[in-house]
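Numbering (my numbering), first residue to last: -1 to 252.
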């Protein structure tokens, strides 16, 4: 594999998936028994889910695997390599929808899977634009998304805009949803409890009158729905708007 120093000099090639140099045979013979990239990657995902991105380190991962930190360097050059491997691993959770389904259903399925990924793995959103995403699972997701966008009937020059509209919406929605769920859990509250306490605290502040004057109406519009139910409804509606927009633009030939 290329050295960490070489990859710093050439950021465009800074990807664990662009390695070219293989470890020498003598190094492979000395690798720690029972350790491999698959096991290291799985442990990285578990740690990131449990403790978050800020606390992730080679030393912490080594302790989780009950090995020395130096042992990890037989398999990766840097912590970024581990993050890139973990990111690609969780992309495997986005399964391609049935190829013979209508494109609208396929788009909803992929969008829902991506949203779920962002909520389950809160650390994914800050990493998604940090790496080249050249791993096998990421490339499969990219191929799936492009196939769905092509099936919409939009002209090729509009594919990029349609893809951006849908998946930037999903990225933003899922990122906010995941972070709110994590914040509520860290406070020891359900999401509904967190909302109620937050609204009560805001209403006690006179300087925030303008912010909360519409709150009773907004809360009533939920019609007793939980935060989770409201999110499901809002996500489905937002995605329907985007699909309707794609249909409209296709019919206009744009």
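Don't be surprised by glycine CBs; every beta carbon is placed ideally from N, CA and C.
- In the three-state scheme derived from DSSP, where H, G and I count as helix and E and B as strand, residue 98 is classed as coil.
- With a threshold of 16 other beta carbon atoms within 10 Å, residue 100 falls short and is exposed.
- Counting along the chain, no alpha helix (DSSP H) covers residue 203, and no H or E run does either.
- Within the same chain, Cβ atoms closer than 6 Å to the Cβ of residue 135 are found at 86, 89 and 90, the five residues on either side in sequence being excluded.
- Non-local beta-carbon contacts of residue 102 in its own chain, meaning distances under 6 Å to residues more than five positions away in sequence, involve 241 in chain order.
- Nearest to residue 167 by C-alpha distance, out of 184, 188, 65 and 238, is 238.
- Residue 124 sits in a helix when the DSSP states are folded into three classes.
- Cβ-Cβ distances below 8 Å link residue 41 to 59, 62 and 63 in the same chain, with the five nearest sequence neighbours on each side left out; the list follows chain order.
- Rounded to the nearest whole angstrom, the CA to CA distance from residue 233 to residue 70 is 41 Å.
- Between the alpha carbons of residue 187 and residue 120 lies a gap of roughly 18 Å.
- Per DSSP, the continuous alpha helix (DSSP H) segment holding residue 86 begins and ends at 77 to 89.
- In the DSSP assignment, residue 185 falls outside any alpha helix (DSSP H) and carries neither an H nor an E.
- Residue 15 carries a helical assignment under DSSP once its states are collapsed to helix, strand and coil.
- Beyond the five residues adjoining it in sequence on each side, residue 108 comes within less than 7 Å, by CB distance, of 92, 95, 142, 143 and 146 in the same chain, given in chain order.
- C-alpha of residue 133 to C-alpha of residue 15: approximately 6 Å in a straight line.
- Just so you know, the alpha carbons of residue 34 and residue 74 end up roughly 10 Å apart.
- Close CB contacts of residue 251 within its chain, under the 6 Å cut and outside five residues either way in sequence, are absent.
- With fewer than 16 other CB atoms across the displayed protein chains lying within 10 angstroms of its CB, residue 246 is exposed.
- Annotated three-state conformation of residue 34 is coil, per DSSP.
- Within the same chain, 200 come within 7 Å of residue 206 by CB-CB distance, once the 5 residues on both sides are set aside.
- Around the CB of residue 176, 16 or more other CB atoms lie within 10 Å, so the residue is classed as buried.
- The Cβ neighbour count for residue 37, taken over all protein chains shown within 10 Å, is under 16; the residue is labelled exposed.
- For residue 119, there is no enclosing alpha helix (DSSP H), since its DSSP letter is neither H nor E.
- Just measuring C-alpha positions, the residue of 172, 195, 78 and 150 sitting nearest residue 104 is 150.
- When secondary structure is reduced to three states using DSSP, residue 152 falls in the coil class, being assigned neither helix nor strand.
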